[in-house]
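Everything below concerns the one structure shown next.
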Amino acid sequence: MTAPTSAAGTRPGADAGTRTTTGSRTAPRSPHAPEGPEMTTTELDAGPAAMGGTVTTTPDDEATPVRGLTTWRRLRIELRKSVDTVSGAVLTAVTLGAAPLLVVAAIVAEGAAGTTVSFVLGAGSIAAALLLPVLTSLLITSEWGQGSIVSTFAMDHRRGRVMAAKIAAGLVVGLVVALSCLVVAIAVSAVAGVDLGSAGELVCVCAGVTAALLLYAALGSAWGAATLSTPLAIVIGLAGPQVVNSLELMLGDRFAEIAPWLAFSQAVGDLTQGTVASWPHLLTAVGLWIVAPMAVGVWRVRRADVS
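Mapped onto the numbering used here, the consecutive letters of the sequence shown carry residue numbers -10 to 296.
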């Protein structure tokens, strides 16, 4: 049975200075209340607080919902991480600085007259092929080693999108490094008098070198995600393809039929010539060395306990 109310709109027994209302009507301010935003009281219609309880809110509590991170913003954050660290900045500088030196060494060794454009551009990209897997693997493994991945996932709980941003940042870094190395190599070759061939041949070789370096960048990201360990990712990414080449030399004919399907460095090396010797061999090597470990790494990261 509902208790009667007085003419003033209060229930018997309530304090004289307090009025409970329904909806969002404003309660009178107490003369002793401190200065501040005006407060409202809302009576709950259901739940435990409905037993005479009220919820007090202020205008400051009506905060605007936080907008989620966009794909572009995630990518910018990861790109910034790649150059903010000392290791990332040093590796990038060494890669770009080694390109002209390697081109000059190749020209001096072979002579400008007998040097082809594919040989010169391939020589200029050697340092990038060795250091890009290290740089891109650090984009993923460094946060796990330092423990800062906890903060990253606390700010953005969508782990799949975070990993996608890290992999995309590695490819962007690889593209920038590849184009920089090519520009430097072409400039040095032109000054040294190397015959760069026709425009079509030059474009094919540049496209092949760029694709090869992007695959090396993806190789580092894949094994970084799969191992979540910087030493393991570097050892497998750099030494693994070379071990396959060594097995081919050691085992001879017994391994010769299998080696082309497993030899990542050999399949990717053909790209620097501006051609693809065998698409099945290239796609199989990419699937084994990049796609498979990357899938395992993303699956592992999405389910890893980072608390």
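The beta-carbon is built from N, C-alpha and C at its ideal position, and this holds for glycine as well.
Rounded to the nearest angstrom, what separates residue i and residue j at their Cα positions?
i, j, result
"Ala248", "Gly197", "22 Å"
"Thr104", "Ala157", "35 Å"
"Leu110", "Ile129", "29 Å"
"Ser107", "Val194", "6 Å"
"Phe253", "Val285", "19 Å"
"Val280", "Leu164", "19 Å"
"Gly86", "Leu191", "22 Å"
"Leu58", "Gly149", "13 Å"
"His146", "Val295", "11 Å"
"Ser187", "Ser131", "44 Å"
"Ala215", "Pro282", "5 Å"
"Lys155", "Ser267", "30 Å"
"Arg243", "Gln231", "18 Å"
"Ser210", "His270", "21 Å"
"Ala143", "Val265", "44 Å"
"Leu240", "Val79", "39 Å"
"Trp278", "Arg292", "22 Å"
"Ala39", "Val139", "With a pLDDT of only 42 at Ala39, under 50, the local geometry of the prediction cannot be trusted, and the value read off the model is given with reservation. Using only the alpha carbons, I get a separation of about 40 Å."
"Thr273", "Val257", "11 Å"
"Ala98", "Leu171", "19 Å"
"Trp61", "Ser71", "16 Å"
"Glu246", "Asp259", "18 Å"
"Gly229", "Gly136", "27 Å"
"Arg300", "Gly276", "No statement about residue 300 is possible, as the shown extent of the chain runs from -10 to 296 and does not include it."
"Thr81", "Leu236", "32 Å"
"Ala101", "Ile115", "19 Å"
"Trp288", "Thr219", "18 Å"
"Val75", "Ser169", "20 Å"
"Val290", "Asp73", "23 Å"
"Gly159", "Leu238", "33 Å"
Pop quiz: residue i and residue j are said to be a contact at Cβ under 8 Å. What is the actual Cβ separation, rounded to whole angstroms?
i, j, result
"Leu221", "Trp133", "Their Cβ separation, rounded to whole angstroms, is 11 Å, which puts Leu221 and Trp133 out of contact at 8 Å."
"Ala174", "Gly113", "3 Å"
"Leu251", "Val224", "About 17 Å separates the two Cβ atoms, so there is no contact after all."
"Thr125", "Gly213", "7 Å"
"Gly189", "Leu127", "Incorrect: roughly 37 Å between the Cβ atoms, too far for contact."
"Ala117", "Ala167", "6 Å"
"Val151", "Arg63", "7 Å"
According to DSSP, is residue i helix, strand or coil?
i, result
"Ala293", "coil"
"Asp259", "helix"
"Gly286", "helix"
"Asp145", "coil"
"Gly229", "helix"
"Asp184", "coil"
"Leu217", "coil"
"Val134", "Before going on, a small fix: residue 134 reads as Gly here, not Val. Gly134: helix per DSSP, three-state reduction."
"Ser267", "coil"
"Thr59", "coil"
"Gly41", "Summary for Gly41: the model assigns pLDDT 46, below 50, so the residue's position carries little reliability, and this model does not support an answer."
"Glu246", "coil"
"Gly163", "helix"
"Ala201", "helix"
"Ala222", "helix"
"Gly241", "coil"
"Ala157", "helix"
"Ala206", "helix"
"Ala252", "coil"
What alpha helix (DSSP H) runs, 4 residues minimum, are completely inside the segment 73 to 124? 75 to 99 and 106 to 113
Quick check: the segment 178 to 186 against the segment 92 to 104, are at least 3 beta-carbon pairs closer than 8 Å? yes
Are the segment 112 to 131 and the segment 199 to 212 in contact at 8 Å, needing three or more beta carbon pairs? yes
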